[in-house]
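Remarks on the structure that follows.
Right, dumping it as structure tokens:
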């Protein structure tokens with residue numbers, strides 16, 4: 001277990017390394033310490049840190065570079081995360097209130113803002129219901145043996161599909177079928193519709209199956225919709241200035257399972273999930289630090305917010321930004337579904 005002094009030295013070292021991306025010497029730490037500590041005392045603490053794996057040094061007299069374990073200690077020792085400055089919060093409010101009242105526009109704006117605040121890659125999924133629920137079904141006669149099935153989900157998404165039939169059906173019969181399905185299936189998710197033991201006529205059963213297929217496809221497609229911002233900002237980080245390291249970013253973006261990787265790391269609770277280097281369960285993310293949060297309405301409409309950067313990222317600032325924007329997006333979603341939208345420049349999570 002680290003001594004209090006070694007822990008203090010490590011946190012000072014990391015603060016400086018985050019800003020400079022250069023090995024930190026004991027003399028620099030001694031100058032920055034709030035208490036007067038000699039360089040010799042700092043060197044002793046750094047030796048302990050190196051021996052226990054919290055930092056690495058090319059040789060004994062060289063400056064220290066934090067390891068993944070060192071960053072983890074740093075993150076765990078953050079007693080509180082400083083809030084975003086008022087000017088930044090004001091800018092966020094201004095940017096969002098220029099956007100359309102639309103989940104896709106909000107998520108794009110969120111990704112753009114987050115990447116600029118953190119100078120890293122930001123990924124924000126479009127808000128979707130974890131399991132979309134049926135609001136309304138309408139069957140429309142188009143021509144002989146061809147019907148248009150229109151499905152409205154409770155998250156205000158519209159699904160449409162042309163369905164061929166073996167024989168023509170009158171619009172009156174289609175209206176009657178629509179009414180029956182709405183009365184008996186309205187408000188249900190597709191798994192609940194599938195599990196339903198209700199009895200239907202063969203025609204109603206056929207359109208029920210079509211409804212389940214369309215809702216299942218919508219649930220899968222909705223989970224994949226997302227916005228990525230800040231690719232150039234990530235490549236501008238010193239860690240990725242060399243071609244060999246830049247390839248890691250390219251591979252990350254080319255990796256088809258990137259979104260699935262991010263979603264698999266999303267926290268199950270309301271707070272943040274933080275993965276540093278080899279802590280990432282997905283290989284494609286192991287060269288990076290990842291901070292993930294969730295937004296939305298509990299057990300209903302929501303999405304994922306994520307920042308990906310070098311392990312040297314400023315975790316306190318990133319955590320503050322992800323937490324604030326998660327809360328802001330949650331209030332936007334709640335406001336669009338009967339609550340109060342956050343007032344311009346006045347939102348406080």
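Residue numbers (this note's numbering): 1 to 349.
Virtual Cβ for every residue (Gly too), placed ideally from N, Cα, C.
Asked	Found
Taking the alpha-carbon positions, what's the residue 15 to residue 4 distance?	17 Å
Around the C-beta of residue 346, are 16 or more other C-beta atoms found within 10 angstroms, so that it is buried, or is it exposed?	At residue 346, the pLDDT of 41 sits below 50, so the modelled position is not reliable and the matter cannot be decided from this model.
In this structure, how does DSSP classify residue 109 when only helix, strand and coil are distinguished?	helix
Just how far apart, CA to CA, sit residue 27 and residue 311?	24 Å
Using the Cβ count rule (16 or more neighbours within 10 Å means buried), how would you classify residue 124?	buried
Go ahead and pull the three-state DSSP assignment for residue 26.	helix
Along the beta strand (DSSP E) that carries residue 240, what are the first and last residues, could you check?	Element bounds for residue 240: n/a, residue is neither H nor E.
Assess contact between the region 5-24 and the region 312-319, defined as three or more Cβ pairs (one per stretch) separated by less than 8 Å. Is contact present?	yes
Go through the region 114-156 residue by residue and report every complete run of the beta strand (DSSP E) that reaches 3 residues or more, in order.	121-125, 134-143, 146-153
Under the DSSP definition of a beta bridge, which residues are partnered with residue 294?	304
Give the secondary structure of residue 228 by DSSP, where H, G and I count as helix, E and B as strand, and everything else as coil.	strand
Using the Cα positions of residue 52 and residue 82, report the straight-line distance between them to the nearest angstrom.	29 Å
Could you tell me if residue 120 is buried or exposed, where buried requires 16 or more neighbouring beta carbons within 10 angstroms of its beta carbon?	buried
DSSP on residue 56, reduced to helix/strand/coil?	strand
Flag this pair as yes or no: are the beta carbons of residue 44 and residue 227 separated by less than 8 Å?	no
Within 10 angstroms of its Cβ, does residue 170 collect 16 or more other Cβ (buried), or is it exposed?	exposed
Tell me which residue opens and which closes the alpha helix (DSSP H) that residue 321 is part of.	315-336
Is DSSP giving residue 187 helix, strand or coil here?	coil
Mark residue 160 as exposed unless 16 or more other C-beta atoms lie within 10 angstroms of its C-beta, in which case mark it buried.	exposed
How would you write the range of the beta strand (DSSP E) that residue 273 sits in, first residue to last?	273-276
List the DSSP bridge partners of residue 309.	289
Once the 5 residues before and after residue 281 are set aside, which same chain residues still bring their CB inside 6 Å of it?	none
Check for me: the beta strand (DSSP E) holding residue 365 runs from which residue to which?	No statement about residue 365 is possible, as the shown extent of the chain runs from 1 to 349 and does not include it.
Taking 8 Å as the cut-off, decide whether the C-beta atoms of residue 173 and residue 210 are in contact.	no
Hey, quick one: how far does the alpha helix (DSSP H) through residue 357 stretch, first residue to last?	Here the chain covers residues 1 to 349 and nothing more, so residue 357 does not appear.
Could you name the residues of the same chain whose beta carbon sits closer than 6 Å to that of residue 344, not counting the 5 residues immediately before and after it, in chain order?	Its pLDDT being 46, under 50, residue 344 is placed unreliably by the model, and the measurement read from it follows with that caveat. Answer for residue 344: 93, 97, listed in chain order.
Can you name the residues that DSSP bridges to residue 65?	56
Given 8 Å as the limit, is there contact between the region 273-288 and the region 237-256, that is, 3 or more CB pairs closer than that?	yes
In its own chain, which residues sit with a C-beta less than 8 Å from the C-beta of residue 294, not counting the 5 before and 5 after it?	266, 267, 270, 302, 303, 304, 305, 326
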